[in-house]
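Numbering (our numbering), first residue to last: 253 to 931.
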Ligand code: C2E
Ligand code: CA
Ligand code: CA
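And the structure:
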């Protein structure tokens with residue numbers, strides 16, 4: 253905004269500055285002190301000493317002083333004094349008037365004396381304790397000017413600077429140079445007197461006007477004051493601007509709470525405190541499936557939800573314990589962190605549950621009520637403190653475990669997690685090396701058509717050939733690859749190498765009646781380039797879509813985003829079948845199956861284990877899945893068949909396909925070819 257309050261303030265300041273200068277020029281700040289006006293002085297009177305008689309009268313605003321010299325003596329003295337402080341205060345601390353602001357003396361005096369070029373003297377007597385040398389009388393500083401008042405043109409307007417300090421006074425009292433300058437700061441009285449009276453006769457002084465003229469503030473001072481104000485104001489603005497920029501850099505614009513940097517600064521500041529380092533507990537809150545809200549309701553609603561969420565969490569922390577010292581921050585999209593000072597260990601779990609309950613409370617936005625779920629990872633600092641980054645990392649790791657336990661959970665980082673995480677990190681490092689070294693191979697697990705007992709498809713399964721990873725199977729390393737973002741390369745490697753094998757053996761495979769089922773991580777589906785990479789590989793190895801089936805796990809589909817559903821749909825539109833793997837382990841409501849672009853369900857091994865007519869629960873479940881699949885026109889593969897009994901049950905209940913150690917274990921490609929040709 254062009255005219256924010258800062259700009260308005262500057263405009264106002266400019267107007268005030270300009271008008272102060274104009275006002276100065278117009279004389280608003282000028283000072284006039286009419287010394288003849290009653291009220292501007294406390295007293296006035298003539299003084300005469302020696303062979304002089306003085307006569308004093310006031311008439312029509314003019315003062316007449318006549319000094320009659322009858323006898324020429326050495327102590328002849330005659331003057332007229334205008335006092336600012338009463339005579340009685342002389343001996344104490346004479347309180348005069350500060351005339352420093354007066355620059356000129358406007359004077360209209362007539363003087364007649366029996367001598368050529370008669371001169372009068374005007375003295376401004378300044379009192380200061382510092383001048384006191386011998387007696388009170390000499391404690392006055394003699395700022396004097398001697399002039400011929402009848403020379404009007406030069407005497408009308410006398411500069412106060414044309415006064416000088418009387419030399420006899422400096423000499424007589426040995427006044428140091430520092431005190432010998434003009435001083436009008438405490439004038440107790442002004443004296444007007446003939447400068448000399450060498451002859452007998454009348455010395456007549458008529459004072460018509462005696463006005464001090466000055467200004468309350470000089471133009472230079474005013475300009476200087478303006479400049480200082482401008483400087484101070486711009487300095488204040490720049491400090492404030494810096495400060496608000498700093499604040500902005502630490503604040504999340506949507507919710508107004510700290511962002512990651514703000515929280516990091518706060519935590520690290522706490523850790524750097526020398527005394528009384530607090531114990532901090534960090535709750536890392538990740539909203540589950542938040543993308544679904546953005547995708548389903550639009551980003552505006554998503555933003556509103558985040559804003560309401562951030563407010564309600566803070567309220568709930570206050571309601572948990574009113575004197576809790578805490579900071580709340582939004583770290584990224586749907587990730588938040590709450591850092592609490594000195595929370596007792598018993599209260600950590602209680603607060604985590606309190607937060608989960610708050611997260612689960614429906615949030616009202618516009619006309620919709622939105623339900624959230626969240627996972628919380630917790631880490632604690634110890635007295636010998638860890639850094640913010642370390643705390644955040646630990647809480648993040650703990651949150652990963654919370655999520656894996658199922659949604660809506662909390663988990664505190666502990667030694668076991670630390671150990672397990674170290675091992676996972678080590679595996680991820682070795683896996684990454686294996687990817688670089690191409691240290692993988694494929695095995696193929698036959699899938700048989702139950703009715704004909706003919707091999708109809710194979711599931712492509714990955715094996716590593718890294719010695720470092722000995723004993724670690726895909727059930728362990730695939731989730732780690734997903735966690736450490738290595739899965740993209742792995743899945744593409746599997747797809748490409750499956751295509752290479754097919755391409756090299758097209759002649760030996762009856763591809764019109766056979767299918768290669770490839771496992772693809774659901775994370776891969778939301779990857780923006782996956783579809784184009786996949787189509788490019790199909791083209792490169794001249795693979796027909798009908799030869800390929802994609803397996804995607806049901807649990808991973810629970811978190812699906814619009815993008816991954818669209819991605820699946822476009823894969824299916826290419827003519828590639830999609831199977832829902834590990835079916836039954838997720839939470840898919842059967843009626844939701846229509847929303848998934850899938851052709852096939854793979855009943856999870858856990859349903860097939862102990863499957864027999866006598867095991868009622870499992871038998872009922874499997875029968876239900878089979879009949880649902882039939883009504884949705886989906887084919888069914890049963891996995892993990894290890895016994896004849898299981899196979900017979902599935903055959904009797906019209907299951908389409910079967911896969912399991914009972915039929916065949918995963919085998920190398922050469923063995924697969926032998927099996928296919930021995931049929
Ligand atoms: P999955 O997709 O459910 O694969 C089936 C797993 O069950 C395979 O284990 C297979 O050997 C095993 N299995 C099948 N029938 C039986 C049986 O009768 N008895 C027993 N005990 N096991 C049986 P595997 O090869 O260890 O794979 C484990 C998981 O690793 C797979 O589960 C899949 O989720 C993942 N995976 C394997 N290869 C890949 C791959 O190339 N890409 C991706 N993304 N994931 C893969
Ligand atoms: Ca599979
Ligand atoms: Ca499976």
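Here a beta-carbon is modelled for each residue, glycine too, at the ideal position from N, C-alpha and C.
*Cut-off 8 Å between Cβ atoms - residues of its own chain near residue 831, not counting five sequence neighbours on either side*: Position 579 of the chain shown, counted from the first residue, corresponds to residue 831. For residue 831, where only same-chain residues beyond five positions count, the Cβ hits under 8 Å are 769, 801, 802, 803, 804, 850, 851, 852, 853, 854, 889.
*Can you tell me whether residue 833 is buried or exposed, with buried defined as 16 or more other CB within 10 angstroms of its CB?*
Your numbering for residue 833 matches position 581 in the chain shown. Flag for residue 833 reads buried.
*Pick out the complete beta strand (DSSP E) segments inside the stretch 844-920, 3 residues or longer, and give them in chain order.*
852-855, 887-890
*Apart from the five residues just before and just after residue 600, which ones in its own chain have a Cβ nearer than 7 Å to its Cβ?*
As a working mapping, residue 600 is identified with position 348 in the chain shown. Excluding sequence neighbours, residue 600 sits near 533, 630, 664.
*Would the beta-carbon of residue 363 fall within 9 Å of that of residue 400?*
By one-based count along the chain shown, residue 363 stands at place 111. By one-based count along the chain shown, residue 400 stands at place 148. Yes; because the gap between Cβ atoms is below 9 Å, this pair is in contact.
*Between residue 873 and residue 891, what straight-line distance do the alpha-carbon atoms span, to the nearest angstrom?*
Within the chain shown, numbered from 1, the residue matching residue 873 stands at position 621. Within the chain shown, numbered from 1, the residue matching residue 891 stands at position 639. The straight-line gap from Cα to Cα measures roughly 14 Å.
*Could you check if residue 913 is buried or exposed, using at least 16 other CB atoms within 10 Å of its CB as the buried criterion?*
Counting from 1 along the chain shown, the entry for residue 913 is found at position 661. It is exposed - the Cβ of residue 913 has fewer than 16 other Cβ atoms within 10 Å.
*asked:* Here's the rule I'm using: 16 or more other beta-carbon atoms within 10 Å means buried, otherwise exposed. How should residue 784 be labelled?
replied: If you number the chain shown from 1, residue 784 lands on position 532. By the neighbour-count rule (16 or more Cβ atoms within 10 Å), residue 784 is not buried but exposed.
*Just checking, does the stretch 317-337 make contact with the stretch 407-424 on the three C-beta pairs under 8 Å criterion?*
no
*Cβ of residue 932 within 8 Å of any heavy atom in ligand 3?*
Residue 932 falls outside the range modelled here, since the chain spans only 253 to 931, and no answer is possible.
*Which class does residue 257 belong to by DSSP, given the choice of helix, strand or coil?*
Position 5 of the chain shown, counted from the start, is the residue given in the question as residue 257. Reduced to three states, the DSSP call for residue 257 is helix.
_Exposed unless 16 or more other CB atoms sit within 10 angstroms - verdict on residue 676_ = Translated into positions along the chain shown, residue 676 becomes position 424. So residue 676 counts as buried.
*Who are residue 446's beta bridge partners in DSSP?*
Working through the chain shown from its first residue, we reach residue 446 at position 194. Per DSSP, 372.
*Can you list, in chain order, the residues of its chain whose CB lies under 7 Å from that of residue 341, leaving out five sequence neighbours each side?*
What you label residue 341 is simply residue 89 of the chain shown in a count that begins at 1. With a pLDDT of 48 at residue 341, under the threshold of 50, the predicted position of this residue should be treated as unreliable, and no value is reported.
_CA-to-CA distance, residue 473 to residue 372, given in whole angstroms_ = The sequence position of residue 372 within the chain shown is 120, counting from 1. The sequence position of residue 473 within the chain shown is 221, counting from 1. In a straight line, the C-alpha of residue 372 is about 34 Å away from that of residue 473.
*Entirely enclosed alpha helix (DSSP H) segments - the stretch 404-469, minimum 4 residues*: 404-407, 419-425
*Beta carbon of residue 854: closer than 8 Å to some heavy atom of ligand 2?*
The residue labelled residue 854 in the question sits at position 602 within the chain shown. Yes.
*Within the same chain, show all residues whose beta-carbon is closer than 8 Å to that of residue 897, passing over the 5 residues directly before and after it, in chain order.*
Numbered from 1 along the chain shown, position 645 holds the residue referred to as residue 897. Excluding residues within five positions, the ones whose Cβ falls inside 8 Å are 863, 864.
*Among 620, 806, 521, 638, which one has its Cα closest to the Cα of residue 552?*
Here residue 552 corresponds to residue number 300 of the chain shown, with the count starting at 1. Of the candidates 620, 806, 521, 638, the one whose C-alpha sits nearest the C-alpha of residue 552 is 620.
_Boundaries (first-last residue) of the alpha helix (DSSP H) holding residue 507_ = Along the chain shown, one-based indexing puts residue 507 at 255. That residue, residue 507, is in no alpha helix (DSSP H); it is neither H nor E in DSSP.
_Member of 794, 745, 764 whose CA lies at the smallest distance from the CA of residue 756_ = On the chain shown, position 504 is the one that residue 756 refers to. Checking every option, the nearest Cα to that of residue 756 belongs to 794.
*Is the beta carbon of residue 614 within less than 8 Å of some heavy atom of ligand 1?*
Your numbering for residue 614 matches position 362 in the chain shown. Checking every heavy atom of ligand 1 against the Cβ of residue 614, none is found closer than 8 Å.
*Buried or exposed: where does residue 653 fall if 16 or more other Cβ atoms within 10 Å of its Cβ makes it buried?*
Taking the first residue of the chain shown as 1, we reach residue 653 at position 401. Classification of residue 653: buried, given that the 10 Å Cβ count is 16 or more.
*Less than 8 Å between the CB atoms is what I'm expecting for residue 536 and residue 647, so what's the real figure, rounded?*
For the purposes of this step, residue 536 is taken as the residue at position 284 of the chain shown. For the purposes of this step, residue 647 is taken as the residue at position 395 of the chain shown. Right, the Cβ-Cβ distance comes to about 4 Å (below 8 Å), so this counts as a contact.
*With ligand 2 as the reference, list in chain order each residue whose Cβ lies under 5 Å from any of its heavy atoms.*
771, 803, 833
*Local conformation of residue 527 per DSSP, three classes*: In the chain shown, the residue the question calls residue 527 occupies position 275. If DSSP states are grouped into helix, strand and coil, residue 527 belongs with coil.
*Would you give the residue range spanned by the alpha helix (DSSP H) that residue 314 belongs to?*
Looking up residue 314 in the chain shown gives position 62. No alpha helix (DSSP H) contains residue 314, which is instead part of the beta strand (DSSP E) from 314-321.
*Return the Cβ separation of residue 514 and residue 502 in integer angstroms, given the expectation that the two are a contact with Cβ distance under 8 Å.*
Start at 1 with the first residue of the chain shown, and residue 514 comes out as number 262. Start at 1 with the first residue of the chain shown, and residue 502 comes out as number 250. Correct: roughly 3 Å between the Cβ atoms.
_Can you check which of these residues, 821, 541, 857, is closest to residue 846 by C-alpha distance?_
Translated into the one-based positions of the chain shown, residue 846 becomes position 594. Nearest of 821, 541, 857 to residue 846, Cα basis: 821.
_Assess contact between the stretch 564-572 and the stretch 601-608, defined as three or more Cβ pairs (one per stretch) separated by less than 8 Å. Is contact present?_
yes
*Report the residue from 655, 540, 425, 617 whose alpha carbon sits nearest the alpha carbon of residue 556.*
Position 304 of the chain shown, counting from 1, holds the residue named residue 556. Minimum Cα distance to residue 556 is reached at 617.
*asked:* In the DSSP output, what is residue 297 paired with across the bridge?
replied: In the chain shown, counting from the first residue as 1, residue 297 sits at position 45. For residue 297, which the question treats as bridged, DSSP gives the partners 333.
*Do you know offhand how far residue 270's Cα is from residue 488's?*
As a position in the chain shown, residue 270 is number 18, starting the count at 1. As a position in the chain shown, residue 488 is number 236, starting the count at 1. Going from the Cα of residue 270 to the Cα of residue 488 covers about 21 Å.
_If contact is defined by three or more beta carbon pairs under 8 Å, each pair taking one atom from either stretch, is the stretch 279-290 in contact with the stretch 476-485?_
no
*Validate contact between the stretch 693-710 and the stretch 906-924 using beta carbons, cut 8 Å, 3 pairs*: yes
*Check each candidate in 434, 359, 284 and name the one with the smallest Cα separation from residue 395.*
In the chain shown, residue 395 corresponds to position 143, counting from 1. Considering only alpha carbons, the answer is 434.
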